[in-house]
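Everything below concerns the one structure shown next.
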Amino acid sequence: MRPVGEGITLEELTQMGAILHGHFLLTSGRHSAVYFEKFRLLERPALLERVVATMLTPFRGKPIEGVVGPTLGGILVAYEAARQLGVQAFYAEREGAERAFRRNGIPERGMRLLVVDDVLTTGSSIREVLTLLQSYAVQVVGIGVLIDRSEQPIEFGYPLAAALRLPAESYPPDECPLCLQGIPLLKRGSR
Ligand SMILES: [Zn+2]
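Each residue of the sequence shown is one higher than the one before, counting from 25 in the numbering used here.
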């Protein structure tokens, strides 16, 4: 067994079916030859423990009092990160077009929080969480994600750490080389 904190490699992700090769319609509307199925990682607790430990490395020793993540996968990451840090987890659920703490698990005013998510692509879920936190007057210590798939670096105004950076390569439908080759298009994911 590998020690916690060693992270994860591309080879491991491919072997477990987390990285799929083909012709995929992304939620952005763009097409890609690679799809990342995050639940292959989120469904393996021992592996998730290791990848979260790697994600937390830059935040060790920082005064973090809670971890907040958005549904669905982000709450699993928030739970595991909170467990490792010995603090409380907060779950930002969807409420219409926004995010809300819907089960009375609300951070205290001034609390120092780490914001986490599973995969960073456009950054919209993290921005929704940051907007939610503004109304609770907490302090955001930083942002942690398991896999950073953003095509261009995203600036949130807080330190950002990823266990693995795996930039997505995608195309607008009318410039997609896979469409030109006539490869059938598959739709994956929900967002
Ligand atoms: Zn295409």
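Just so you know, even glycine gets a beta-carbon here, dropped at the ideal spot from N, CA and C. Source: prediction; values computed, not measured.
Per-residue DSSP class, three states only, for residue i
i: Ser52; result: coil
i: Met25; result: Per-residue confidence for Met25 stands at a pLDDT of 42, beneath the threshold of 50, marking its modelled position as unreliable; the derived number appears in the next sentence. Correct three-state label for Met25: coil.
i: Ser174; result: coil
i: Ala124; result: strand
i: Leu96; result: coil
i: Phe114; result: strand
i: Ala187; result: strand
i: Phe63; result: helix
i: Leu209; result: coil
Sub-7 Å separation of residue i and residue j beta-carbons
i: Leu44; j: Lys211; result: no
i: Ile130; j: Leu109; result: no
i: Ala192; j: Ser52; result: no
i: Met40; j: Arg64; result: yes
i: Leu188; j: Ile32; result: yes
i: Lys62; j: Gly90; result: no
i: Asp172; j: Leu144; result: yes
Between the CA atoms of residue j and residue i - distance to the nearest angstrom
i: Gly151; j: Gln163; result: The residue you asked about is not Gly; residue 151 is Arg in the sequence shown. Rounded to the nearest angstrom, the two C-alpha atoms are 15 Å apart.
i: Leu34; j: Pro82; result: 21 Å
i: Pro201; j: Val92; result: 39 Å
i: Arg123; j: Pro94; result: 8 Å
i: Phe60; j: Leu204; result: 23 Å
i: Arg127; j: Arg107; result: 19 Å
i: Met25; j: Glu73; result: Because Met25 carries a pLDDT of 42, less than 50, the predicted location of this residue cannot be relied on, and no value is offered for it.
i: Val75; j: Tyr195; result: 29 Å
i: Leu209; j: Glu199; result: 14 Å
Evaluate the contact criterion for the segment 127 to 147 versus the segment 160 to 168: three or more CB pairs, one atom per stretch, below 8 Å. yes
Touching or not, the segment 66 to 85 and the segment 113 to 124, by the rule of three or more beta carbon pairs under 8 Å? no
Between the segment 171 to 180 and the segment 147 to 161, do at least 3 Cβ pairs fall closer than 8 Å? yes
Could you please go through the chain and list the residues whose beta-carbon is closer than 7 Å to any non-hydrogen atom of ligand 1? His47, His55, Tyr195, Pro197, Cys200, Leu202, Cys203, Leu209
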